[in-house]
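*Asks:* Have a look at the structure that comes next, please.
2 protein chains.
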Amino acid sequence: MRQRFKTIMTEGKVDQKVTIFGWLRSKRVSKNVAFLVVNDGSTQKDLQLVVDGTNPDFAKLSELGTGASLRAEGVLKASLGKGQDMEVHVDSFEIYGASPEEYPLQKKGHTLEFLREIAHLRGRTNSFGAVYRVRNQLAVLVHEFFQGRGFQWAHTPLITASDAEGAGEMFQVTTLPLDKLPRDDKGAIDFKQDFFGKKAHLTVSGQLNGEALALSIGDIYTFGPTFRAENSNTTRHLAEFWMVEPEMAFATLKDDMQLAEDFLRYVFAEIVKRCPEELDFLGTHYKNSSVEQIAALASQDFGRITYTDAVKELIAASNSAKFEYPVSWGIDLQTEHERYLAEVIFKKPVIVTDYPKDFKAFYMRLNDDNKTVAAMDVIAPRIGEIIGGSQREDRIDVLKSRMRDFHIAPEDLSWYIDLRRFGGVPHAGFGLGFERLVQYVTGMTNIRDVIPFPRFPQGIHF
Amino acid sequence: MRQRFKTIMTEGKVDQKVTIFGWLRSKRVSKNVAFLVVNDGSTQKDLQLVVDGTNPDFAKLSELGTGASLRAEGVLKASLGKGQDMEVHVDSFEIYGASPEEYPLQKKGHTLEFLREIAHLRGRTNSFGAVYRVRNQLAVLVHEFFQGRGFQWAHTPLITASDAEGAGEMFQVTTLPLDKLPRDDKGAIDFKQDFFGKKAHLTVSGQLNGEALALSIGDIYTFGPTFRAENSNTTRHLAEFWMVEPEMAFATLKDDMQLAEDFLRYVFAEIVKRCPEELDFLGTHYKNSSVEQIAALASQDFGRITYTDAVKELIAASNSAKFEYPVSWGIDLQTEHERYLAEVIFKKPVIVTDYPKDFKAFYMRLNDDNKTVAAMDVIAPRIGEIIGGSQREDRIDVLKSRMRDFHIAPEDLSWYIDLRRFGGVPHAGFGLGFERLVQYVTGMTNIRDVIPFPRFPQGIHF
Chain Z
1147 MRQRFKTIMT EGKVDQKVTI FGWLRSKRVS KNVAFLVVND GSTQKDLQLV
1197 VDGTNPDFAK LSELGTGASL RAEGVLKASL GKGQDMEVHV DSFEIYGASP
1247 EEYPLQKKGH TLEFLREIAH LRGRTNSFGA VYRVRNQLAV LVHEFFQGRG
1297 FQWAHTPLIT ASDAEGAGEM FQVTTLPLDK LPRDDKGAID FKQDFFGKKA
1347 HLTVSGQLNG EALALSIGDI YTFGPTFRAE NSNTTRHLAE FWMVEPEMAF
1397 ATLKDDMQLA EDFLRYVFAE IVKRCPEELD FLGTHYKNSS VEQIAALASQ
1447 DFGRITYTDA VKELIAASNS AKFEYPVSWG IDLQTEHERY LAEVIFKKPV
1497 IVTDYPKDFK AFYMRLNDDN KTVAAMDVIA PRIGEIIGGS QREDRIDVLK
1547 SRMRDFHIAP EDLSWYIDLR RFGGVPHAGF GLGFERLVQY VTGMTNIRDV
1597 IPFPRFPQGI HF
Chain V
1147 MRQRFKTIMT EGKVDQKVTI FGWLRSKRVS KNVAFLVVND GSTQKDLQLV
1197 VDGTNPDFAK LSELGTGASL RAEGVLKASL GKGQDMEVHV DSFEIYGASP
1247 EEYPLQKKGH TLEFLREIAH LRGRTNSFGA VYRVRNQLAV LVHEFFQGRG
1297 FQWAHTPLIT ASDAEGAGEM FQVTTLPLDK LPRDDKGAID FKQDFFGKKA
1347 HLTVSGQLNG EALALSIGDI YTFGPTFRAE NSNTTRHLAE FWMVEPEMAF
1397 ATLKDDMQLA EDFLRYVFAE IVKRCPEELD FLGTHYKNSS VEQIAALASQ
1447 DFGRITYTDA VKELIAASNS AKFEYPVSWG IDLQTEHERY LAEVIFKKPV
1497 IVTDYPKDFK AFYMRLNDDN KTVAAMDVIA PRIGEIIGGS QREDRIDVLK
1547 SRMRDFHIAP EDLSWYIDLR RFGGVPHAGF GLGFERLVQY VTGMTNIRDV
1597 IPFPRFPQGI HF
């Protein structure tokens, strides 16, 4: 019976028989004894195997290279080495796969840049093992939080014919043969012959479909892949990433803010309990986050301020803060402004509300001042915006007028307008870039290091 | 405070004050009293609101159309009507959104075909509310099962440059302007100028990437969207669907079969506990499945048979079974054969193993007979194949030779071969089409009815 290291380390007892499977991290072989440091990927800490010189297979150990895979049977013993609780005294072992000298993870301390080039193997390092395990636990927490509140996980489509979402550049999806594109009788490309009978793209948000579901089966959340075709080679952007988008029926901006705050505080409070060794390792090595910092975020109420008041505060601080981009009412806040708000003024996460309508999406509910919309961004120290949301426009005439402002033909989204024609209700939701959350918690500075196989301009090798 | 119907119905007490939000399903208004049947999408059963004729807003009820949305405050009372446990005696109510006569769900009993045309509203019907809630619970069970066994949810990429997966036709993904495609100096389309610098497609499986992760952090499962560009207008195919693909390190075909059986039996046993009202409704209306049938599947061991033995059994049965496609060793089993095995011969789900190598994928481990591979399909009564899996080829030379048989250049998948070069281990996994599972449990005969916004040839409206 296969036993994972995590189980052995947390539940194993001295003198218990175990069978372990793992990959060799390092070894020390002397004449009489060999120490093998092994990991199976389930836990941050390695397990030490002790093989006595009298073992009939002892000679095989000299050929065992870093990265080789093996099975071993033995008995758990209290370890004498420091930092280890248990070790396995091996009775018998079997080598599955050798690992020749070209194995690129021979030594420790490779750069993250180098490891990106071998994404198929980087999960075997301490750093990426930690990031991937934290990522999994964060994903579990997303489901736990929303299911616990009665939200249903909704699967919204990724291929869309709507280009109205307006959140960014889109990838086109087609089955037309590019080297002989069919033409209609006016000479234009004949998308009627494409798979869907019209132009299709990869979605930039599941929200519009999510609204339809929230207005049918009640509160829902999406958690799935989303796409941006922007040619941005930054440490904060991916072409393919995972989004979490809850949508609540019968809810206002106030409910939305509370949901976002409750969600983040739940996640921060739980992740430090579930991945203490991973967060400790990452905090020690990369020094951008710490268990204490993450736990502290969970322990206090978030700040709240309107965009208009935030702009006043930022203008008042401009002399000392030396912003690169000057602040005035009507600008879209830059990361430097967001961070100043959260780090200097509030010293904790802060929710900024009621932004000018001109740089926010058409579906956000227009406020009575006719200048701002019922939008909110959650701004966190160190990273800036981590969540963006809004109450949705539920008045048909206002919605149609806003669509025209954005050059969206209402007839192209007639089904979306129907949601207001037939039993419309106040409703609200938000979007969270899941990789931003993983970055925030792990402290990894490059977003390409928090998803196993990142997609970015020119980046699709694996 | 907003209270969901599900909570009210399971935890509510007589004389408790409640505030409810929902949509009107039907009403009966007389001079002295009005009965409003309302639902909020959280539960199969409707809630009845009783409004007394003395209520100051009583007159408004005459304008209230089916589908209108409202808020009501009142007190829970034991209901006198049959089939209802509780009703709300209303003190005050507010109408949010009217619903004019054009509302397409005025009457009950619309056809599924008609409802497909209004996918943005169909979640408000009893049938689709039930299907979506069952879908959500099945998705929760997927995570519960695998997380409970220490598997990690892995997010594998959807955009891929590999066309080696061989599972079907693929959608091309591009940012090139189709009306002026860039050309290289030989006149061919210059994909170097495309977003990823080469041709890219939507993936047909996350398995290859999943193997890399299983061989790094141990057992994983994917659960995400997958694509097929086949022009199939059937009740069993979608262009975009969700797949569950677990992958285990240090595991053989035997472990894989056990995992598949344990998984399905867990899901069947739990779903009847969690969605009894939904399954009861669907069973009664569509008569293709029942709570008893699903529960029975969970209660017994699955059958097991090799492909070779299954073919013998089917040949022996051919006279009585009158198959459309004749059976002989070497054919890919058709649904009629699979169903005969499960329904007539075994009378329960059966796992067929060791299929001929010629119609199975290149990555499946070649058996010692050199004719079959270590593959398995789980065949269920009524539907046929529900899971397909295999032990993976872990011997480099055999893998490369199999790739050449399938006209895949080993250098195009050098990273995949690396997984065998460096510490290769026996490993195995399977794939489950999530919508097939939802179909199976709900008894919906058309796969377009088990995903909220289906994608199929010419089908992308919402």
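Keeping their order, the protein sequence lines are chains Z and V. What the first sequence shows, in this note's numbering, is residues 1147 to 1608, in sequence order. What the second sequence shows, in this note's numbering, is residues 1147 to 1608, in sequence order. Where is the CB? At the ideal position from N, CA and C, for every residue including glycine.
#1: Looking at the unbroken beta strand (DSSP E) that takes in R1511/V, where does it start and where does it end?
#2: According to DSSP, simplified to helix, strand and coil, what is S1560/Z?
#3: Is DSSP giving T1381/Z helix, strand or coil here?
#4: Could you tell me how far apart the beta carbons of M1389/V and G1370/V are, in whole angstroms, since I believe they sit closer than 8 Å?
#5: By the criterion of Cβ-Cβ separation under 9 Å, what are the contact partners of E1386/Z in chain V?
#6: Any heavy atom of the ligand GDP closer than 8 Å to the CB of E1233/Z?
#7: Quick check: the Cα distance between H1383/V and A1397/V, rounded to an integer number of angstroms?
#8: Looking at V1196/Z and K1223/Z, is the spacing between their C-beta atoms short of 9 Å?
#9: Hey, how far is the Cα of D1237/Z from the Cα of I1166/Z?
#10: From K1517/V to D1478/V, what distance separates their C-alpha atoms?
#11: Go through the region 1513-1598 of chain V residue by residue and report every complete run of the beta strand (DSSP E) that reaches 3 residues or more, in order.
#12: Taking the beta carbon of W1475/V as the centre, do at least 16 other beta carbons fall within 10 Å, making it buried, or is it exposed?
#13: Give the residues from the region 1258-1277 of chain Z that approach chain V closer than 9 Å (Cβ to any Cβ), ordered along the chain.
#14: State buried or exposed for R1190/V, treating a residue as buried only when at least 16 other CB atoms are found within 10 Å of its CB.
#15: Count the other C-beta atoms from every protein chain shown that fall within 10 angstroms of the C-beta of R1538/V, then say buried if there are 16 or more, exposed otherwise.
#16: Within 9 Å of any Cβ in chain V, is that where the Cβ of N1379/Z sits?
#17: Mind checking if L1193/V is an interface residue toward chain Z, Cβ cutoff 9 Å exclusive?
#18: Starting from S1176/Z, find everything on chain V with Cβ-Cβ shorter than 7 Å and list it in chain order.
#19: Quick one: is N1282/Z near chain V, going by C-beta distance under 9 Å?
#20: Using a Cβ-Cβ cut-off of 8 Å (strictly less than) and excluding sequence neighbours within five positions of N1178/Z, which residues of its own chain qualify?
#21: If contacts are defined as beta-carbon pairs under 8 Å, then G1294/Z and P1246/Z qualify, I think. What distance do you get, rounded to the angstrom?
#22: DSSP on Y1278/Z, reduced to helix/strand/coil?
#23: I need the DSSP call for Y1486/Z, collapsed to helix, strand or coil.
#24: When DSSP builds the beta bridges, which residues end up paired with L1304/Z?
#25: Please identify the residue among G1356/V, L1405/V, Y1471/V, A1265/V whose C-alpha is closest to the C-alpha of I1497/V.
#26: Output the boundary residues of the alpha helix (DSSP H) element that contains I1417/Z.
#27: Taking the beta carbon of S1208/Z as the centre, do at least 16 other beta carbons fall within 10 Å, making it buried, or is it exposed?
#28: Does the region 1327-1340 of chain Z come within contact of the region 1576-1596 of chain V, defined as at least 3 CB pairs closer than 8 Å?
#29: Grab the span of the alpha helix (DSSP H) containing Y1471/Z for me, first residue to last.
#30: Taking Cβ-Cβ distances shorter than 8 Å, what residues in chain V pair up with V1319/Z?
#31: Kindly list the residues whose CB is nearer than 6 Å to the CB of E1424/Z, restricted to its own chain and excluding five residues on each side of it in sequence; keep chain order.
#32: For M1155/Z, report the span of its alpha helix (DSSP H) as first-last.
#33: Using a Cβ cut-off of 9 Å (strictly closer), state whether I1335/Z contacts chain V.
#34: Which word fits F1602/Z, buried or exposed, when buried means at least 16 other C-beta atoms lie within 10 angstroms of its C-beta?
#35: Is the CB-CB distance between K1506/Z and A1521/Z below 9 Å?
#36: Residues of chain V with CB closer than 7 Å to the CB of P1092/Z, please, in chain order.
*Replies:* Quick answer:
#1: First-last for R1511/V: undefined, no H or E at that position.
#2: helix
#3: Here T1381/Z sits in coil by DSSP.
#4: 7 Å
#5: P1303, L1304, I1305
#6: In the structure on display, the ligand GDP does not appear, and there are no ligands present to speak of.
#7: C-alpha separation (whole angstroms): 31 Å.
#8: yes
#9: 12 Å
#10: 14 Å
#11: Fully enclosed beta strand (DSSP E) runs of 3 or longer: 1521-1526, 1530-1537, 1573-1579.
#12: W1475/V is exposed by the Cβ-count criterion.
#13: I1264, A1265, H1266, L1267, R1268, G1269, R1270, T1271, F1274, G1275
#14: First, the amino acid is wrong: residue 1190/V is Gln here, not Arg. With 16 or more other Cβ atoms within 10 Å, it is buried.
#15: Its Cβ being crowded by 16 or more others within 10 Å, R1538/V is buried.
#16: no
#17: no
#18: Neighbours of S1176/Z across chain V, judged by C-beta separation under 7 Å, do not exist; the nearest C-beta is about 24 Å away.
#19: yes
#20: D1198, G1199
#21: Actually they do not touch by this definition, with Cβ atoms about 49 Å apart.
#22: helix
#23: helix
#24: BP columns for L1304/Z are empty, so no partner.
#25: Check the Cα spacing between I1497/V and each of G1356/V, L1405/V, Y1471/V, A1265/V: the tightest is with L1405/V.
#26: 1399-1420
#27: Exposed: under 16 other Cβ atoms inside 10 Å.
#28: no
#29: First-last for Y1471/Z: undefined, no H or E at that position.
#30: Going along chain V in sequence order, the residues near V1319/Z (Cβ under 8 Å) are F1317, Q1318, V1319, L1348.
#31: Q1190, A1276, R1279, V1280
#32: Looking at the DSSP string, the run of the alpha helix (DSSP H) that includes M1155/Z is 1151-1157.
#33: Taking Cβ atoms only, chain V reaches closer than 9 Å to I1335/Z, which makes this a yes.
#34: buried
#35: yes
#36: As displayed, chain Z neither begins before 1147 nor continues past 1608, which places residue 1092/Z out of reach and without an answer.
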